[in-house]
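Let me begin by presenting the structure, written as structure tokens, before commenting on it.
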């Protein structure tokens, strides 16, 4: 395929600028129509929220770690978490309910929630505690309201989430208080009945000791049970928030403290982010994407190995318990700690329960009613203390609930946008224009690459690996209606004379440097211009004072004698000359070259230019072309003349040019820019197969109106300036 440099591409685009401009105008017109009739500009409104750290209020009555509130902080909730919360279905449903009620939208709630999720974009500027909520809508007022409603719903949701823990604590305290009050009432009723049954009770030392031990153990037991209940509530609360059981939490904490796993997680995230960027540029089969997928698989394999080494075995859904969020990591650690504490308290309560049962058995064996009364009184005191403590905690949770405020403040309220966001109508029309220009550029390059003709002579040089001797601005005879072939007349102002002079100069220089003086002139395809170009080059060489002879070796359609109006005797044509040479060489061993002058025609207007015409119309001239006589003739002409030029048929039509080229120094190929690339390549391949060198190329430009007018103008000037005898050449 043809190589294209930047300069070449720019030159192609410059030449086809009108096509690109046309595509641009069409694209711009389509863009204007689309922007005016179809396109709906979008308006954007942004609300900015600041996340601050709340300071916890300390109370005299300790509520316990199970009921502590963890405020939203920058380190505890990364931007990714906030984006997930803001774009959740719950907030979208709430916002859609408000917006649809205000603007009378009647879409399905599920569809409306999806619209809300698509309408917002959440960002967290790097290094700040600010969240930006940007809403996009075709109506600027609705865009402003959507941003406002999302900010309000987000703040309200944050308060609700903070209250949820206190509500759960209140429910637990209320249940425990109700049970404690019921038990206290039962114990007091037993004491009343016992006192009615026995008015006097004596306390003995052994009974007092057992009662004291039993009281101490029961106090400790109830404290442990209460603590275990609180820890159990904390475990249940954290598990519910995380959606994970304590077994996975233990594994998660273990994995979270493994530095190797943390590093592998970071590498995995970077690789997946890079893969997401490449998927927008390349197809899945692109080598870069395949290599990156392989790297991701390797990282996941290493991660699985680290997990097995850390937790002692493989884990199902290991990715679900690998927590990188600091808040969730802290909550995981709290869950594991609480679960361990909870199980320890249960174990202690079991031991104490066994000890209490033992003491109760001993106590029951002592028939002392005072022991029973002491036990009931101690139990009453314990239950009364529990009831008072739970009432204090109940009051504290109520105070905390009333004092809860959001740790999110609005620092920049959304406003009604005055201008549409990019792209607006003007930008959209401009983008269509740019798209049209790009389409025009692509079309121009496709046309260039698929076109089977050449635009520049340099392309022909590159194709044939031979120099272009010159470019002839060709006009056929139907255009200027001149029977004479010689256009390269003496006047240097001629548009065509200058072109032929350049060809002649290049031929003389290359011939002098290489020692070549005999050439076959052929073309890539049938054209009358071949003989005309040959005669003008011959005429130009003769003007330099060198002897030139033209040999018309086109036996099929000879035309040189017709171009000059010559009427040679058929007995003195090239075919007859070759026949005579063959006959005499066969009979006598050599040809009498004195008879050669009978076959040579000299032109009066060009003293140094001679022609050996050919009047034969032979369909198969191989007997002449392959005969030794042809080679003998060419070698003799090379001795007598400075330049020997041989006219042959087109190279692709017949093999005459290839055969004749073996007798001369090289081939001069005449090719127009309109010649197809495939035809030129066939000629080049044909000549290369027979090791025939291409000495040079004479290129012809495509006929155009400017060349026609220029030629007519110059022709009139030259006719007026030339002597009468030379002017006749132009007017013929």
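Numbering (our numbering), first residue to last: 21 to 752. Quick reminder that beta carbons are idealized off the backbone N, C-alpha and C, glycines included. A quick note: this is a predicted structure, and the numbers were derived from the prediction, not measured.
Cα separation between residue i and residue j?
i, j, result
"residue 631", "residue 605", "23 Å"
"residue 44", "residue 464", "13 Å"
"residue 39", "residue 580", "43 Å"
"residue 519", "residue 493", "7 Å"
"residue 119", "residue 447", "30 Å"
"residue 300", "residue 480", "41 Å"
"residue 306", "residue 137", "33 Å"
"residue 368", "residue 254", "19 Å"
"residue 570", "residue 551", "10 Å"
"residue 37", "residue 549", "32 Å"
"residue 72", "residue 189", "25 Å"
"residue 33", "residue 27", "10 Å"
"residue 592", "residue 676", "21 Å"
"residue 172", "residue 419", "24 Å"
"residue 583", "residue 462", "47 Å"
"residue 456", "residue 47", "4 Å"
"residue 764", "residue 527", "Nothing can be reported for residue 764, as the shown portion of the chain is limited to 21 through 752."
"residue 177", "residue 229", "57 Å"
"residue 696", "residue 539", "24 Å"
"residue 161", "residue 436", "6 Å"
"residue 395", "residue 402", "11 Å"
"residue 77", "residue 216", "No answer about residue 77 holds up, because its pLDDT of 48 lies below 50 and its placement is not dependable."
"residue 361", "residue 187", "23 Å"
"residue 405", "residue 179", "34 Å"
"residue 522", "residue 566", "17 Å"
Could you check where the alpha helix (DSSP H) with residue i kicks off and where it finishes?
i, result
"residue 446", "445 to 470"
"residue 57", "Where residue 57 is concerned, there is no enclosing alpha helix (DSSP H), given that its DSSP letter is neither H nor E."
"residue 550", "549 to 563"
"residue 31", "26 to 35"
Specify the secondary structure class of residue i as computed by DSSP and reduced to three states.
i, result
"residue 19", "Absent from the structure is residue 19, since the part of the chain shown begins at 21 and ends at 752."
"residue 644", "helix"
"residue 118", "helix"
"residue 187", "helix"
"residue 432", "strand"
"residue 40", "helix"
"residue 129", "helix"
"residue 581", "helix"
"residue 260", "helix"
"residue 152", "strand"
"residue 720", "strand"
"residue 50", "helix"
"residue 147", "coil"
"residue 101", "helix"
"residue 66", "strand"
"residue 478", "helix"
"residue 112", "helix"
"residue 715", "strand"
"residue 473", "strand"
"residue 541", "strand"
"residue 637", "coil"
"residue 665", "strand"
"residue 141", "strand"
Rounded C-beta distance between residue i and residue j? I'm assuming under 8 Å.
i, j, result
"residue 712", "residue 666", "With a Cβ gap of about 13 Å, residue 712 and residue 666 do not count as contacting."
"residue 629", "residue 558", "6 Å"
"residue 185", "residue 247", "Rounded, the Cβ-Cβ distance is 18 Å, inconsistent with contact."
"residue 237", "residue 375", "5 Å"
"residue 601", "residue 645", "Actually they do not touch by this definition, with Cβ atoms about 13 Å apart."
"residue 488", "residue 688", "So it is not a contact: roughly 11 Å between Cβ atoms."
"residue 193", "residue 413", "5 Å"
"residue 168", "residue 67", "6 Å"
Taking the continuous beta strand (DSSP E) assigned at residue i, which residues delimit it?
i, result
"residue 624", "First-last for residue 624: undefined, no H or E at that position."
"residue 535", "First-last for residue 535: undefined, no H or E at that position."
"residue 490", "488 to 493"
"residue 569", "568 to 572"
Compare the C-beta of residue i with all C-beta atoms of chain B and state if any pair is closer than 8 Å.
i, result
"residue 250", "Of the protein chains in the structure, only one exists, and it is not chain B."
Quiz item: What are the start and end residues of each continuous alpha helix (DSSP H) run of 4 or more residues lying completely inside the segment 668 to 700, in chain order?
Solution: Here the runs fully enclosed are 676 to 681.
Quiz prompt | beta strand (DSSP E) segments (min. 3 residues) lying fully within the segment 299 to 326 | solution = Unbroken beta strand (DSSP E) runs of no fewer than 3 residues, entirely contained in the segment 299 to 326, are not found.
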